Amino acid sequence: MLPVKEEYTNMPVTGIMSEIAGVASLLWQKGWAERNGGNLSVNLTACVGEWVPGSPLLLSEFVLGRSFALLAGDVLYLTGTGTRMRDVAQRPFETGCFIRVGIDGRHCEAWAVKGVNPSSELPSHFAVQQFLKSEGKGYTAVLHTHPTELIALTHNRLFLESSYLTRTLWSMIPEARIFIQRGVGVIPYTMPGSSILAELTIKALAAHDVVLWEKHGALSVGKDIEDCFDNIDTLNKSAMIYMSAHMAGFQPEGLSDAQLNELGETYDH
Ligand code: 13P
Ligand code: ZN
Numbered sequence: 022m023l024p025v026k027e028e029y030t031n032m033p034v035t036g037i038m039s040e041i042a043g044v045a046s047l048l049w050q051k052g053w054a055e056r057n058g059g060n061l062s063v064n065l066t067a068c069v070g071e072w073v074p075g076s077p078l079l080l081s082e083f084v085l086g087r088s089f090a091l092l093a094g095d096v097l098y099l100t101g102t103g104t105r106m107r108d109v110a111q112r113p114f115e116t117g118c119f120i121r122v123g124i125d126g127r128h129c130e131a132w133a134v135k136g137v138n139p140s141s142e143l144p145s146h147f148a149v150q151q152f153l154k155s156e157g158k159g160y161t162a163v164l165h166t167h168p169t170e171l172i173a174l175t176h177n178r179l180f181l182e183s184s185y186l187t188r189t190l191w192s193m194i195p196e197a198r199i200f201i202q203r204g205v206g207v208i209p210y211t212m213p214g215s216s217i218l219a220e221l222t223i224k225a226l227a228a229h230d231v232v233l234w235e236k237h238g239a240l241s242v243g244k245d246i247e248d249c250f251d252n253i254d255t256l257n258k259s260a261m262i263y264m265s266a267h268m269a270g271f272q273p274e275g276l277s278d279a280q281l282n283e284l285g286e287t288y289d290h
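Going by the working numbering, the sequence shown opens with residue 22, and the numbers climb by one from there.
Structure below.
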């Protein structure tokens, strides 16, 4: 567990915040979090109940551009816009916002240290969080990050086709086929932080475990934030194997259809 400052240790979310800090540290170490790159959210409602964050977090209010009716009353942690993952790793309470969505799904109360505002990718985080709640599988976490090798693949038109990209990544190492069972969705380049990007993302998540945003990054969902990280880490490892083989001057053979089918029959649920 990473150290959490004394003023925060009586908060009911200390364990989850520690996990967030751990993942933020990994994102920085992986080189996926240049400057303020990436953001993450966790729905904390199940563990906070009627909890209202106190000092030194300050209360402010804002109104969302659209209603997220299913999130009414929920409390979500979302990293702050412009914050560095390497700072989230050290001070998760001071680099993000605790947002309680009002009963109309639009008016929000936010607790954060002075000057910290929600990530510019709030439209995607809230749309995906609402989608996850509607699915009822107990998924609470959403991670958007900038994994270098996966992004590089999206600069080749061949890999903008989801089934081709998925088949290629699956065939590089068994873990990719075992753990990313519904494959990877790809969304054509869309303005970061836009509502259109949010809409396209939830459509893609209906059929896939992870979504790539062309020439931008990846978004993953999971039971917790470590789950989200593991999905992207596994896929980026596949992309690295693919590229390492090409850099060594050969086309990787990849697992065969029969081998992939055998993995599917053994592990798919
Ligand atoms: P924020 O700093 O607003 O979270 O944006 C980072 C990012 O990765 C945008 O896609
Ligand atoms: Zn981004």
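Glycine is no exception: its CB is placed at the ideal position from the N, C-alpha and C atoms. Being a predicted model, the structure only gives us computed values, none of them experimental.
Asked: How would you call Q267, buried or exposed, if buried means at least 16 neighbouring beta carbons within 10 angstroms?; Found: The sequence shown places His at residue 267, rather than the Gln named in the question. The residue in question, H267, is exposed, as its Cβ has fewer than 16 Cβ neighbours within 10 Å.
Asked: Tell me which residues pass a beta-carbon proximity test against the ligand 13P: closer than 7 Å to any heavy atom, given in chain order.; Found: N57, G58, G59, N60, T100, T102, G103, T104, S140, S141, E142, H165, H167, P213, G214, H237 and G238
Asked: State the DSSP-derived secondary structure class of S184, mapped to helix, strand or coil.; Found: helix
Asked: What ranges does the alpha helix (DSSP H) occupy inside the region 199-267, keeping only unbroken runs of at least 4 residues that lie completely in it?; Found: 216-226
Asked: Whole angstroms are fine: how far does the CA of M261 sit from the CA of G13?; Found: The structure shown does not extend to residue 13, since the chain spans only 22 to 290, so no value can be given for it.
Asked: Identify which residue in D251, S62 and H237 has its Cα closest to the Cα of A148.; Found: S62
Asked: Quick check: what's the CA-CA separation for A133 versus W72?; Found: 15 Å
Asked: For A45, is the classification buried or exposed, using 16 other Cβ atoms within 10 angstroms of its Cβ as the cut-off for buried?; Found: buried
Asked: When the Cα atoms are used, what is the spatial distance from V137 to W49?; Found: 20 Å
Asked: Give a yes or no on whether the C-beta atoms belonging to L284 and R198 are separated by under 8 Å.; Found: yes
Asked: Indicate whether L226 and V242 have their beta-carbon atoms separated by less than 8 Å.; Found: yes
Asked: When you compare each of P33, I253, M32 and M212 to I172 by their alpha carbons, which one comes out closest?; Found: I253
Asked: Per DSSP, which residues does F119 bridge with? Please list them.; Found: Y98 and W132
Asked: To which residues of the same chain is Y263 closer than 7 Å at the C-beta, ignoring the five residues directly before and after it?; Found: T189, M193 and P273
Asked: Suppose contacts are defined by Cβ-Cβ distances below 8 Å. Is P144 in contact with A219 by that definition?; Found: yes
Asked: Provide the residue span of the beta strand (DSSP E) that contains E82, from first to last.; Found: L79 to V84
Asked: Taking contact to mean 3 or more Cβ pairs, one atom from each stretch, closer than 8 Å, check whether the region 78-89 and the region 176-184 are in contact.; Found: no
Asked: Just how far apart, CA to CA, sit R127 and T287?; Found: 45 Å
Asked: Please identify the residue among L281, L97, R121 and G43 whose C-alpha is closest to the C-alpha of E247.; Found: G43
Asked: Buried or exposed for P33, going by 16 or more other Cβ atoms inside 10 Å?; Found: exposed
Asked: What does the Cβ neighbour count give for D230, buried or exposed, with the cut at 16 atoms within 10 Å?; Found: buried
Asked: Any idea which residues DSSP pairs S62 with across the strands?; Found: L99 and V163
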